[in-house]
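Under our numbering, the first residue of the sequence shown carries the number 15, and numbering increases by one thereafter. Glycine is no exception: its CB is placed at the ideal position from the N, C-alpha and C atoms.
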Amino acid sequence: MEDTEPRSTEPKVDPAAAEGEDAPQGPPAPDDESGTGGAGGNRDAEGEAEATRRTRRRTRIRRTALAVLLVLLVPLLTAETALRINYMGDPADGTYTRNRDAIWLGHAWVDGRKDDADLAAFARRVKATGIRDLYVHTGPMEHDGTLPKSLYPRARWLVDAVHREMPGVRVQAFLGDVLATESPDGMRLEKAATRAAVVDSARQVLDVGYDGVHLDLEPLHSGDRNYLSLLDDVHAVTRARDAQLSVAAHQIDPLPGFHSFWGTVAGHPKWWSQEFFGQVARRVDQIAVMSYDTMQPLESLYGGYVAQQTSLALEATPPTTHLLMGLPFYHENRFGHWNHAETVAAAVRGVRLGLSRTDADRERFGVAAYIDFAATEEDWASYRDGWVR
15 MEDTEPRSTE PKVDPAAAEG EDAPQGPPAP DDESGTGGAG GNRDAEGEAE
65 ATRRTRRRTR IRRTALAVLL VLLVPLLTAE TALRINYMGD PADGTYTRNR
115 DAIWLGHAWV DGRKDDADLA AFARRVKATG IRDLYVHTGP MEHDGTLPKS
165 LYPRARWLVD AVHREMPGVR VQAFLGDVLA TESPDGMRLE KAATRAAVVD
215 SARQVLDVGY DGVHLDLEPL HSGDRNYLSL LDDVHAVTRA RDAQLSVAAH
265 QIDPLPGFHS FWGTVAGHPK WWSQEFFGQV ARRVDQIAVM SYDTMQPLES
315 LYGGYVAQQT SLALEATPPT THLLMGLPFY HENRFGHWNH AETVAAAVRG
365 VRLGLSRTDA DRERFGVAAY IDFAATEEDW ASYRDGWVR
């Protein structure tokens, strides 16, 4: 906003002319611009002043923008450098599969699209690996927590066939839904009736013969007490049936309180605090970290991030709970997931580094691959060569 005072628009009157005297005539200034006190001179002076003010404003804006950029970039570059360093070094000897790995399977296994030949091929695929748990997509649940039985007509066939063809492998019902945490639509865990319906859905799939229940409710915000209450109730049911309760877990804050910062900036907290992660881990038999979709642009940074997540998860998970770190057996290119960076090879190396540095002898530990129908031969080879050996 300009800070000059407005000039008067009233005409100037010569005192002599006002008294009826003839004013002396002198040569006029060319175009009325020669005198510094004339109209043209004022415009020049004011124009120069305004130009100076604009220059100063632009300078201040540039300096402010640079300061903001530095405030944002310096911590980011520092964090990314730390991740790169975290990816360096050699994993400890013996940090390989404990034969407690898992894989998420698509809905085709229970809706009639898969048959005996498919299962036989899958059994051959995983025979020489450490996979012992199958999280089979059996939902999704309705927003009110109920589960239509029409969604899984072939579930009993699958469970029986796996037990027959793959002795020792457990089949868990993967039940998920979108939560109404960031949009008006979705499941509302604050409703007691909804939580009770989810518990009934757990009983329902256990009645079919599943060896456990695997819950994946997203986006789940850190500190959600209703979720913890739900886990207590579902675990009571699975424990009474000698079945497993497992959950898909969000990543842990890479910096303390980062979920709060990101929630304010992006409207999507994404991460859990390490404390909340531990609260969840103590209420279940298995907790599988979705350690993908990390926004990391380079393979080395992604591997360092997984190493960090592995260490944070090991610190928060009691040794009685089975911890699994996710492997990206799928391929997408978007802001949250860069296919060239989030590789199975980088994830496996990151898992081994984090395990080596934090709790190399942890027995209840493994990796979980997401997801079978998108996996490539390279994904399977990287898992076998890097983790199974």
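Problem - Simplified DSSP state of I385, which is helix, strand or coil - result: coil
Practice task
Determine, using beta-carbon pairs with one atom in the region 124-133 and one in the region 237-244, whether at least three such pairs fall under 8 Å.
Solution key: no
Handout entry: For W401, three-class secondary structure by DSSP
Key = helix
Practice task
For A408, I'd like the list of residues in its chain whose CB is within less than 8 Å of its CB, leaving aside the five on either flank, ordered along the chain.
Solution key: Shown here, the chain extends from 15 to 403; a query on residue 408 therefore has no answer.
Practice task
Give me the Cβ distance between E196 and P233, rounded to the nearest whole Å; I'm assuming they're in contact under 8 Å.
Solution key: 6 Å
Handout entry: Contained beta strand (DSSP E) runs [length at least 3] in the region 303-372, N- to C-terminal order
Key = 336-342
Practice task
Can you tell me which of the three DSSP states Q265 falls into?
Solution key: coil
Problem - Exposed unless 16 or more other CB atoms sit within 10 angstroms - verdict on P283 - result: buried
Problem - Inter-residue Cα distance where the pair is W118 and S325 - result: 23 Å
Practice task
For D36, collect the residues of the same chain with a Cβ closer than 6 Å to its Cβ; drop the 5 residues on either side in sequence, then sort them by chain order.
Solution key: Any reading at D36 needs caution, since the residue's pLDDT is 45, under 50, leaving its predicted position unreliable; the model's value is listed next. Hits under 6 Å: none found.
Problem - Classification of N113 by the beta-carbon crowding that lies within 10 angstroms, buried from 16 upward - result: exposed
Exercise for the section: Specify the secondary structure class of V279 as computed by DSSP and reduced to three states. Expected result: helix
Exercise for the section: Specify the secondary structure class of D173 as computed by DSSP and reduced to three states. Expected result: The amino acid at residue 173 is misidentified as Asp; the sequence shows Val. Note: V173 maps to helix in three-state DSSP.
Practice task
Would you tell me roughly how many angstroms separate the C-alpha atoms of Y397 and T73, rounded to the nearest one?
Solution key: 54 Å
Practice task
Scan the region 159-238 and note each continuous alpha helix (DSSP H) run of 4 residues or more that stays entirely inside, going in chain order.
Solution key: 169-179, 206-222
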